[in-house]
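These notes are about the structure you will find just below.
Residue numbers (our numbering): 102 to 404.
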């Protein structure tokens, strides 16, 4: 179960009595216990192939069915590419307003949004229908609070129109031994200063010594030095680890939007005027190609 699911339950508890919606295969007593541990009073189960085997549209129909039947005060989803499309479809189906990339929700369903790459914060509220709010992953600390976790099977028929795009194959991605980027407690990211794809090996070695995930700036991924799925920033992943190490990253506002909520930030850059130092808790001015291997060695000595 993704951490963002637990973040949504944490937020929902502040607004009322939270319920979770489970779609697709994989539901188990362990999943039920996990959802209940973080406050789910009810768990609506829609694990039929009709929902799981088609792209996006059946999930929007499912949520529209639940909105009509249960009349919730709001619907919260993760601000991922898939869930934001679901949110948009749901807004049309329910004639409601939708807010995306939300980083917090206050009383009265007033949402905090970080826009323009984190340069501007705004407060917004839906004025029509049932608010549909897409919350940015890693924007909310997770807090456990036990709920009943009562299960309720949802029966509804998916329309033919929603079946126009079917999933024909699923391929499990080999993620290796490193933790998921958006779930990791420690993230080591490399930027333009790394210099090449080959040099990213020193970033990976430091990450492996710390049991960390590897990230990259947009400059590094655009240059083809590291895969795009590891990009941290406004147009990539949002992370909020206990420790974020930025090596050779200047700290453009687009990158900062994806990591500025990290608990502790360590920056390594040869430019003492790099913007990343304005955000960093600790900074090292110097050549990352010398500093990062030394740091890896020191970490190894302490194991």
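C-beta atoms are modelled at their ideal positions from N, C-alpha and C, and glycine is treated no differently. For clarity, every value in this text was computed on a predicted model and none was experimentally measured.
Asked	Found
Could you say which of 129, 217, 179 lies nearest to residue 112 if we only look at CA atoms?	179
I believe residue 246 touches residue 114 by the beta-carbon criterion, under 8 Å. Please report the beta-carbon distance rounded to the nearest angstrom.	6 Å
Pick out the complete alpha helix (DSSP H) segments inside the segment 200–229, 4 residues or longer, and give them in chain order.	none
Out of curiosity, what's the CA-to-CA distance linking residue 164 and residue 324?	40 Å
Roughly how many whole angstroms lie between the Cα atoms of residue 299 and residue 365?	28 Å
Return the residue from the list 344, 131, 201 that minimises the CA-CA distance to residue 95.	Beyond the ends of the chain as shown, which are 102 and 404, falls residue 95; an answer cannot be given.
Would the segment 234–244 and the segment 116–136 be scored as touching if the rule is three or more Cβ pairs under 8 Å?	no
Whole angstroms are fine: how far does the CA of residue 196 sit from the CA of residue 187?	14 Å
Looking at C-beta atoms only, is the number of pairs between the segment 314–328 and the segment 341–361 that lie closer than 8 Å three or more?	yes
For residue 258, count the other beta carbons within 10 Å of its own beta carbon; 16 or more makes it buried, fewer makes it exposed. Which is it?	exposed
Considering only residues of the same chain and omitting the five flanking positions on each side of residue 281, which have a CB-CB separation below 8 Å?	314
Per DSSP, what kind of secondary structure is residue 363 in: helix, strand or coil?	coil
Helix, strand or coil, according to DSSP, for residue 189 in the structure here?	helix
Specify, as a first and last residue, the run of the beta strand (DSSP E) that residue 146 falls within.	143–147
How far does the beta strand (DSSP E) with residue 179 in it extend, from its first residue to its last?	176–179
Specify, as a first and last residue, the run of the alpha helix (DSSP H) that residue 383 falls within.	Counting along the chain, residue 383 falls outside any alpha helix (DSSP H), though it belongs to the beta strand (DSSP E) covering 383–386.
Just the C-alpha distance for residue 256 and residue 209, rounded to the nearest angstrom, thanks.	32 Å
At the level of alpha carbons, what is the spacing between residue 262 and residue 166?	15 Å
Among the residues of its own chain, which have a CB less than 6 Å from the CB of residue 140, if the five just before and after it don't count?	110, 114, 119, 246, 248
Go through its chain and collect everything with a Cβ distance to residue 322's Cβ below 6 Å, but skip five positions before and after it.	329, 332
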